[in-house]
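Heads up, the sequence shown is in the working numbering, so the first residue is 154 and it goes up one at a time. For reference, the structure discussed in these notes is given below.
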Amino acid sequence: MPPIGLSAGSRHLPDADHLLHRLAAALALPGGTLGCTHPVRAPGPILALSLSLPGPAETGAAYDRLAGGLAAELGLATAWQDARTGPPEHHEGAAAGAAAAALRSGRAVLFPGWSQTTGTLTVGELLDRTAITRTVALGGLVPEPTALLDTRAHLRPEWEEDDLLLRLMPARGGTYVPFDIPDTHPCCGGRH
154 MPPIGLSAGS RHLPDADHLL HRLAAALALP GGTLGCTHPV RAPGPILALS LSLPGPAETG
214 AAYDRLAGGL AAELGLATAW QDARTGPPEH HEGAAAGAAA AALRSGRAVL FPGWSQTTGT
274 LTVGELLDRT AITRTVALGG LVPEPTALLD TRAHLRPEWE EDDLLLRLMP ARGGTYVPFD
334 IPDTHPCCGG RH
């Protein structure tokens, strides 16, 4: 099923992440959904968004809600198959987001298991509980499944080939933390 592309012309990752979290809440997205950010030129540099839902019924229902007013409420343009809605100046960005998602690229904000990955867990538990298929630390080191990971409640894996890869960096006490750090000025009172 083709993904839904979205764009509000966001230029900063925290803004794009925030929009995806708002969409997840407003649409009550099913657990198998991937919500990604994609750096694109449309025509200038922006972060497009995409939603890849588990099946055609879920995708159609989400698009209908978006086209029915939710996208306008959030200032988003949407692109799904040949349909476009929202501000015309963001149509190109939305289409670029859909195209990037179709190629399995981008940085995942929403992915199967993301909401159950807070606190500290082992790398093995992370791989078992989520759609993340691989981890790698700075220097190409692959952490052992028993290595501890402090998630910081902020996991942002990236598509690399056909893997959802989480990049890590070493931290104190032999633990790891995500390489993608949370915004130092969290939105929504730090709820995500």
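Idealized CB from N, CA, C, for every residue including glycine.
- Does DSSP classify residue 162 as helix, strand or coil? Residue state, collapsed to three classes: coil.
- Query: Between residue 205 and residue 156, which are expected to be in contact by the criterion C-beta below 8 angstroms, what is the C-beta distance as a whole number of angstroms?
  - Reply: Yes, they are in contact, since the Cβ atoms of residue 205 and residue 156 sit about 4 angstroms apart, within 8 angstroms.
- In DSSP terms, what residue 218 is bridged to: Looking at the DSSP assignment, residue 218 forms no beta bridge with any residue, so it has no partner.
- Message: What residue range does the beta strand (DSSP E) around residue 313 cover?
- Response: Its beta strand (DSSP E) spans residues 311-313.
- Task: Return the CA-CA distance between residue 292 and residue 222, expressed in angstroms with no decimal places.
- Result: Just so you know, the alpha carbons of residue 292 and residue 222 end up roughly 46 angstroms apart.
- Message: In the DSSP output, which residue or residues are listed as bridge partners for residue 180?
- Response: Residue 180 is not bridged to any residue.
- Reducing DSSP to helix, strand and coil, say where residue 209 ends up. The three-state reading of DSSP puts residue 209 in helix, counting H, G and I together.
- Which value, in whole angstroms, describes the spacing of the CA atoms of residue 316 and residue 256? Distance from the CA of residue 316 to the CA of residue 256, rounded to the nearest whole angstrom, comes to 12 angstroms.
- Check each candidate in 263, 218, 319, 234 and name the one with the smallest Cα separation from residue 249. Residue 249 has its Cα closest to that of 234, out of 263, 218, 319, 234.
- Would a C-beta distance cut-off of 9 angstroms place residue 304 and residue 330 closer than the cut-off? Going by C-beta atoms, residue 304 is nearer than 9 angstroms to residue 330.
- Query: Grouping DSSP H, G and I as helix and E and B as strand, with all else coil, what is residue 192?
  - Reply: The answer is strand: DSSP assigns residue 192 an E or B state.
- Taking only the alpha-carbon atoms, compute the straight-line gap between residue 319 and residue 332 and give it to the nearest angstrom. When rounded, the distance between both Cα atoms is 8 angstroms.
- Message: Give me, in chain order, the residues of the same chain whose beta-carbon lies closer than 8 angstroms to that of residue 252; leave out the 5 immediate sequence neighbours on both sides.
- Response: These residues qualify, in order along the chain: 158.
- Query: Do residue 275 and residue 238 come within 9 angstroms of each other at the CB atom, strictly closer than that value?
  - Reply: Their beta carbons are not under 9 angstroms apart, which means residue 238 does not touch residue 275 by this criterion.
- Compare the C-alpha of residue 160 against each of 195, 236, 185, 326 and name the closest. The option with the nearest alpha carbon to residue 160 is 195.
- What is the DSSP secondary structure of residue 175, counted as helix, strand or coil? If DSSP states are grouped into helix, strand and coil, residue 175 belongs with the helices.
- Within 10 angstroms of the Cβ of residue 281, are there 16 or more other Cβ atoms? Answer buried if so, exposed if not. Exposed is the label assigned to residue 281, since fewer than 16 other Cβ atoms lie within 10 Å of its Cβ.
- Query: Skipping 5 residues on each side, what residues in its chain have a beta carbon closer than 8 angstroms to that of residue 177?
  - Reply: Excluding sequence neighbours, residue 177 sits near 186, 188, 263.
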